[in-house]
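What follows is a single structure, written as structure tokens, with notes after it.
Protein chains in written order, with this note's numbering: chain A, -10 to 265; chain B, 4 to 304.
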């Protein structure tokens, strides 16, 4: 029995080392690659990192992606939060429908959705605007499932009905209720939703690439063909940024760090014909 | 619809003077949201599904769907399915193994917390960065490749398979294994030590336990998770697009090439037909997944 347990501990340790290597070596390799000098025996250099900002295509794309993050986040909250509160209070019958719709982007592959979005964006480019920031309209759809799950948890934790009725009976208008009662009470959930949205928008490639817009990931991919070092250092930087955001969530939330995948895999929400 | 009708009837009965007016006004609150998702989620879906049945002259027939018969399309679907099956199976087995290692450890331990939060991040890790990570690792001048070459091991005896389907399988495992851990860990946690003790007190050994107790209980969860991994890999576009620069060996890349205008070969109709095929396959897989998950949920509670 004792020998069996010792053998099992060795097996566990070996497994953990193997899995650890599989997941850590590629990350380390990116660092290694981005600090290589040119030439065979060249010393380590930070050139690929320090020169990130000297590529105008790249800096434009970084700015565009950051703007997309902000616009997508704002749109998402304005669109989703009042609807979710209203549905909880007045249209409980509609809750299942809203939930189904919000989780639908997990089931419909992004590559499928974009086929249908191309004509819509073509129409918008001709009649309204062809600015890269219009991408945020489609990004709101991509972040819906994660934002919904996060804010649903937040709203479930407070008594929306009583709070709202109390505020209303004291003469608060609906906008006041939203801004001063609901939002402060679920600010952690909103923050989670915002950070998940930002992480998702920063990493988005499919929509931008196929609509021929150059966001951060598209710029990295294009630069990768010309200067692999800089594009890899930028990729690592954006990865670190997203990682820091997710760490912020787990500290601010003081709960189990919410994960995009946890929302994507909850069986309760996957009843439809679905995902990324 | 019947629910709405009933409710209206109830309100009418209770408050004959107000009933007819209140209900529509309440519904207005959901209109902005429904209009938005209608425009950017449901309309694109309808465009894909309906567009697959309309030919280039605008008449309704199956000519676009017949393009699914073209050899390159059939080949792309075969490759996609093969890629997804392989990466799902390997990912499921490896992920289940990792989940088992975690589940048998301290439930409050640092290891478990680290692995589950890392899995949450890595399961969504993909696209350009992931492709670059593997190019930097086992690409032509990659860290591991060069290291192994210095020690007399060439991982590319023939061609550089990283930029082909075998490479995609390896790269996809990077998000498939964490996804498996996330999905399968709850099922493993549901296994009670008492069941093993019961097996042993009835004279069973480890093989009996896995074959007749834990195995049958975990099978639906394992199968369901494998299906989820299949759909996950089948839908993935960004990683493949960043890794493979030429040709369209899998369906998402083929669709991408068909709708990207700069390629000059764009054919939106055919793209819709290919996309409809993907919707059908993913829908079947995901419905089976949710059925299996519900089966698992019965004894997990």
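Think of the CB as a built atom: it goes at the ideal place given N, C-alpha and C, for glycine as much as any other residue.
Worksheet item: chain A partners of residue 159 (chain B), CB-CB under 8 angstroms?
Response: Going along chain A, no residue has its Cβ under 8 angstroms from residue 159 (chain B), so there is no contact; the nearest lies around 16 angstroms.
Fill in: Within chain A, the residues that residue 43 (chain B) reaches when beta carbons sit closer than 8 angstroms
106, 109, 126, 127, 129, 130
Worksheet item: Looking only at DSSP bridge pairs, what is residue 63 (chain B) linked to?
Response: B:57
Practice prompt. List the endpoints of the continuous alpha helix (DSSP H) containing residue 27 (chain A).
Written response: First-last for residue 27 (chain A): undefined, no H or E at that position.
Worksheet entry | Per-residue DSSP class, three states only, for residue 288 (chain A) | The displayed coordinates of chain A run from -10 to 265. Any statement about residue 288 (chain A) would go beyond what the structure contains.
Worksheet item: Span of the alpha helix (DSSP H) holding residue 159 (chain B)?
Response: Taken as a continuous stretch (DSSP letters only), residue 159 (chain B) belongs to no alpha helix (DSSP H), as it is neither H nor E.
Worksheet item: What residue from A:17, A:106, A:134, A:166 has the CA that sits closest to residue 42 (chain B)'s CA?
Response: A:106
Worksheet entry | Under 7 angstroms by beta carbon: chain B residues contacting residue 101 (chain A) | 51, 278, 281, 282
Worksheet item: What three-state label does DSSP hand residue 166 (chain B) in the structure shown?
Response: helix
Worksheet item: Can you name, in chain order, every residue of its own chain whose Cβ lies under 6 angstroms from the Cβ of residue 84 (chain A), other than the five neighbours on each side?
Response: 76
Fill in: Option in A:31, A:32, A:72, A:56 with minimal Cα separation from residue 149 (chain A)
A:72
Worksheet entry | residue -6 (chain A): contacting residues in chain B (beta-carbon distance under 9 angstroms) | Under the 9 angstroms cutoff, chain B gives no residues; its nearest Cβ is about 11 angstroms from residue -6 (chain A).
Fill in: Where the segment 18 to 47 of chain A meets chain B: residues whose CB sits under 9 angstroms from a CB there
18, 19, 20, 21, 22, 23, 25
Practice prompt. Let me know the secondary structure DSSP gives residue 253 (chain B) once reduced to three states.
Written response: coil
Worksheet item: Expressed to the nearest angstrom, what Euclidean distance is found between the alpha-carbon atoms of residue 216 (chain B) and residue 203 (chain A)?
Response: 54 angstroms
Worksheet item: Interface residues of chain B around residue 76 (chain A) at Cβ under 8 angstroms?
Response: 32, 33
Item to complete: Would you give the residue range spanned by the alpha helix (DSSP H) that residue 195 (chain B) belongs to?
Response: Careful: residue 195 (chain B) lies outside any alpha helix (DSSP H) and carries neither H nor E.
Worksheet item: What did DSSP end up calling residue 119 (chain A) once you bin it into helix, strand or coil?
Response: coil
Worksheet item: Is it buried or exposed for residue 266 (chain A), if we count other Cβ within 10 angstroms and need 16 for buried?
Response: Outside the shown range of chain A, which is -10 to 265, sits residue 266 (chain A), and nothing can be said about it.
Discussion item. I need the boundaries of the alpha helix (DSSP H) containing residue 136 (chain A), first residue and last residue.
Written reply: 124 to 145
Item to complete: Evaluate contact between the segment 193 to 200 of chain A and the segment -2 to 12 of chain A, counting only Cβ atoms and requiring at least three cross-stretch pairs below 8 angstroms.
Response: no
Practice prompt. Kindly say whether residue 63 (chain B), judged by its beta-carbon, lies nearer than 8 angstroms to any beta-carbon of chain A.
Written response: no
Item to complete: Please state whether DSSP places residue 153 (chain B) in a helix, a strand or coil.
Response: helix
Worksheet item: Is it right to say residue 154 (chain A) is buried, meaning 16 or more other beta carbons lie within 10 angstroms of its own, or is it exposed?
Response: exposed
Discussion item. Any beta carbon of chain B sitting closer than 8 angstroms to that of residue 198 (chain A)?
Written reply: yes
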